[in-house]
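**Student:** Once you know that position 85 of the sequence shown is 159 in the numbering used here, the rest is easy, because the numbers rise by one and skip nothing. Before we start, here is the structure in question, set down as structure tokens.
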Amino acid sequence: MRAGYREAAARAETTRARAEAASRGREIAELTHIGVALGTERDLDTLLDLILTQSRRITSSDAGSLYLIEGEPGEKRLRFRLAQTYSKPEAPFVEFTMPMDRSSLAGYAAVTGEPLVIDDAYFLPPDVEYTINRSFDERYGYRTKSMLVIPMKDHKEQVIGVLQLINRKRRFEAVLATPRDVDQQVVPFSKRTVELVTALAGQAAVAIENGQLYREIERLFEGFVQAAVRAIEQRDPTTFGHSGRVADMTVRLAAVVDRAEDGPYRTVRFSREQLREIRYAGLLHDFGKVGVREQVLVKAKKLYPLQLELIRQRHDFVRRSAEREFWRKRAEFLETHGRKGYEQFLRTLEQEHAAELGELEHFMTTVLQANEPTVLPATHFEELLVLAGRTYQDLSGVPRPYLTDREVRYLTIPKGSLDETERLEIESHVNHTYSFLKEIPWTRELHDIPLIAYGHHEKLDGHGYPRGVTGDAIPVQTRMMTISDIYDALTAADRPYKSAVAPARALDIMDEEVRAGQLDGQLFQLFVDAKVFEPNA
Numbered sequence: 075m076r077a078g079y080r081e082a083a084a085r086a087e088t089t090r091a092r093a094e095a096a097s098r099g100r101e102i103a104e105l106t107h108i109g110v111a112l113g114t115e116r117d118l119d120t121l122l123d124l125i126l127t128q129s130r131r132i133t134s135s136d137a138g139s140l141y142l143i144e145g146e147p148g149e150k151r152l153r154f155r156l157a158q159t160y161s162k163p164e165a166p167f168v169e170f171t172m173p174m175d176r177s178s179l180a181g182y183a184a185v186t187g188e189p190l191v192i193d194d195a196y197f198l199p200p201d202v203e204y205t206i207n208r209s210f211d212e213r214y215g216y217r218t219k220s221m222l223v224i225p226m227k228d229h230k231e232q233v234i235g236v237l238q239l240i241n242r243k244r245r246f247e248a249v250l251a252t253p254r255d256v257d258q259q260v261v262p263f264s265k266r267t268v269e270l271v272t273a274l275a276g277q278a279a280v281a282i283e284n285g286q287l288y289r290e291i292e293r294l295f296e297g298f299v300q301a302a303v304r305a306i307e308q309r310d311p312t313t314f315g316h317s318g319r320v321a322d323m324t325v326r327l328a329a330v331v332d333r334a335e336d337g338p339y340r341t342v343r344f345s346r347e348q349l350r351e352i353r354y355a356g357l358l359h360d361f362g363k364v365g366v367r368e369q370v371l372v373k374a375k376k377l378y379p380l381q382l383e384l385i386r387q388r389h390d391f392v393r394r395s396a397e398r399e400f401w402r403k404r405a406e407f408l409e410t411h412g413r414k415g416y417e418q419f420l421r422t423l424e425q426e427h428a429a430e431l432g433e434l435e436h437f438m439t440t441v442l443q444a445n446e447p448t449v450l451p452a453t454h455f456e457e458l459l460v461l462a463g464r465t466y467q468d469l470s471g472v473p474r475p476y477l478t479d480r481e482v483r484y485l486t487i488p489k490g491s492l493d494e495t496e497r498l499e500i501e502s503h504v505n506h507t508y509s510f511l512k513e514i515p516w517t518r519e520l521h522d523i524p525l526i527a528y529g530h531h532e533k534l535d536g537h538g539y540p541r542g543v544t545g546d547a548i549p550v551q552t553r554m555m556t557i558s559d560i561y562d563a564l565t566a567a568d569r570p571y572k573s574a575v576a577p578a579r580a581l582d583i584m585d586e587e588v589r590a591g592q593l594d595g596q597l598f599q600l601f602v603d604a605k606v607f608e609p610n611a
């Protein structure tokens, strides 16, 4: 009989051991699964939510909170970063900081690096330094009972935060609505649970450090991009805000495309990383302007300011010379003929002088009108050619042209303020942008930024620049950016070389480009229907 008892006991022990082993195996598998999830998540906010959610789930905790340490040594504080309460989902969360000292549960764990296992938070031993803050319980009718407070330590054993779990339950789905529910469902945190959460907290600390590092890198890159945009805007103040507006509109259009349920783009989807890629491409699409001469970038008229000033000085010199010649002829007549016939001579001389001054003023008016970056009337073109053939004598008596060949070339630009050489120099900014951006060792998520920015002046029919590519050779991200870029260029009120176009007129102009096969009609329709061009779209 004793042998039978021993055999039964052995079988029971074996069964228990196997159950324990199976349970440990499931726990290890669960921790491994959670560890993989933590290791792949880069967004810090999502990561913190994942840590707290999984910690509550594997311990069957009703509530929990997460604190991160911030500040310099000697001035460190705890930031109450996240809270979850299964039984009180309506309770709002307000982030705040608190002293990192031994007076609070989280502060004590952070300072000492030791976990706290509390069976009933309302009945703490009288000799402890910490107390529980009951404000949440009193405000929302909650009852905090069992607690587990675990310091999260990195690979250097430095505490970077605190994980706090509240009210371990027999059943995770149970709702603690009444004191009776608390009495029946809440149990203490077991030794094994402490071990599990400690292991998870270690994984979480490493993941948080990585997440914080990733966020710092993102902030660093964001700062670089913003500095690059400011550098361009300082060189070309007339386009202040353009890059930001183009980036914002392109991202909004991408979001509209992502939601499209019909049409050729119904299967196109953009991830969060791709939207970041589109935004940065939009912000940096004009960075190549650093390779364009500043005087060309800001050229508002056909002539450069110095050129116009030289023409004004030349005009003033010729006018003063005419004045001197007028008085010289009067004096010469009086010296030669005296007063005889002087009145008739003076009337004729004054008429000739007035006609000459009028001609000079007309000359200057023609120059000023031709200098505007508008379409040059044929009559002005002919008058400029006439002026180009006129000469005057300098102080040495050497004949000089009223207008130099270069001045005539600029003033006879048919439309706009740039001649062909300057236009090509402006267009070269796209190549400069691509050359600059492709030198940056982009991450996989941002790898296509150079290519997206490279094509923002391309047209579907091949009449764009710099490569003249067509159709499918232009990525959809670039097509969206092209639409945003054109709209902003048309409606911008800060361009000195043109007047702003009303939004409705801008859309009409762009619609003409769609009909001409230059812009993507489907994307343009989404742009219009969703009013992407409105900041609050």
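Note that the Cβ used here is the ideal one computed from N, Cα and C, for glycine as well.
#1: Short check: CB of residue 504 to CB of residue 521, under 8 Å?
#2: Helix, strand or coil for residue 551, going by three-state DSSP, please let me know.
#3: Between the alpha carbons of residue 603 and residue 582, how many angstroms are there, rounded?
#4: Below 8 Å on the Cβ atoms is my guess for residue 330 versus residue 600; work out the distance and round it to an integer in Å.
#5: Which first and last residues belong to the beta strand (DSSP E) in which residue 243 is found?
#6: Under 6 Å Cβ to Cβ from residue 538, same chain only, skipping five residues before and after it: list those, please.
#7: Identify every residue that forms a DSSP beta bridge with residue 173.
#8: Going by DSSP, which residues form a beta bridge with residue 144?
#9: Does the contact criterion of 3 or more C-beta pairs under 8 Å hold for the region 495-503 versus the region 321-330?
#10: Below 7 Å, is the gap between the Cβ of residue 358 and the nearest heavy atom of the ligand FAD?
#11: Please list the terminal residues of the continuous alpha helix (DSSP H) segment that includes residue 265.
#12: I'd like to check one pair, residue 491 with residue 374: are the Cβ atoms closer than 8 Å?
#13: Hey, residue 204 and residue 165: beta-carbon distance below 8 Å or not?
#14: Specify, as a first and last residue, the run of the alpha helix (DSSP H) that residue 528 falls within.
#15: Spell out the partners DSSP gives residue 135 in its beta bridges.
#16: When the Cα atoms are used, what is the spatial distance from residue 236 to residue 189?
#17: Within this structure, are the beta carbons of residue 232 and residue 118 separated by less than 8 Å?
#18: Using three-state DSSP, classify residue 557 as helix, strand or coil.
#19: Enumerate, from N- to C-terminal direction, the unbroken beta strand (DSSP E) stretches of 3 or more residues contained entirely within the region 435-478.
#20: Compute the Euclidean distance between the alpha carbons of residue 444 and residue 467, then round it to the nearest angstrom.
#21: So residue 486 packs on residue 461, CB below 8 Å; how close in whole Å?
#22: Restricting to Cα atoms, I'd like to know which of 160, 170, 158, 138 is closest to residue 151.
#23: Do residue 141 and residue 131 have their beta-carbon atoms positioned less than 8 Å apart in this structure?
#24: Relative to the C-alpha of residue 153, which residue among 212, 210, 516, 234 is closest?
#25: Exposed or buried, which one is residue 317 when buried takes at least 16 other CB atoms within 10 Å?
#26: Taking DSSP as the reference, what is the three-state secondary structure of residue 96?
#27: Look at residue 332 and residue 507 and say whether their C-beta atoms are less than 8 Å apart.
#28: Find out if the Cβ-Cβ distance for the pair residue 194, residue 219 is shorter than 8 Å.
#29: With distances taken Cα to Cα, identify the nearest neighbour of residue 202 among 518, 574, 452, 183.
#30: Where does residue 481 land, buried or exposed, given buried means 16+ other C-beta within 10 angstroms?
#31: Assign residue 586 to one of two classes, buried (16 or more other C-beta atoms within 10 Å of its C-beta) or exposed (fewer than that).
#32: Go through its chain and collect everything with a Cβ distance to residue 438's Cβ below 6 Å, but skip five positions before and after it.
#33: If I measure Cβ to Cβ from residue 598 and keep anything under 8 Å in the same chain, skipping five residues before and after, which residues do I get?
#34: Let me know if residue 470 comes out buried or exposed under the rule of 16 or more other beta-carbons within 10 Å of its beta-carbon.
#35: Looking at residue 250: is its Cβ nearer than 8 Å to the Cβ of residue 136?
#36: Using a Cβ-Cβ cutoff of less than 6 Å, which residues in the same chain neighbour residue 477 once the five nearest sequence positions on both sides are dropped?
**Tutor:** Looking at the coordinates:
#1: no
#2: helix
#3: 14 Å
#4: 5 Å
#5: 233-243
#6: 531, 532
#7: 151
#8: 151
#9: no
#10: The ligand FAD is not among the ligands present in this structure, which contains no ligands whatsoever.
#11: 265-309
#12: yes
#13: no
#14: 523-528
#15: 242
#16: 9 Å
#17: no
#18: helix
#19: 465-467, 473-475
#20: 25 Å
#21: Not confirmed; about 11 Å, so no contact.
#22: 170
#23: no
#24: 234
#25: buried
#26: Summary for residue 96: the model assigns pLDDT 47, below 50, so the residue's position carries little reliability; its value from the coordinates is reported in the next sentence. If DSSP states are grouped into helix, strand and coil, residue 96 belongs with the helices.
#27: no
#28: yes
#29: 183
#30: buried
#31: exposed
#32: 389
#33: 557, 584, 585, 588
#34: exposed
#35: yes
#36: 461, 462
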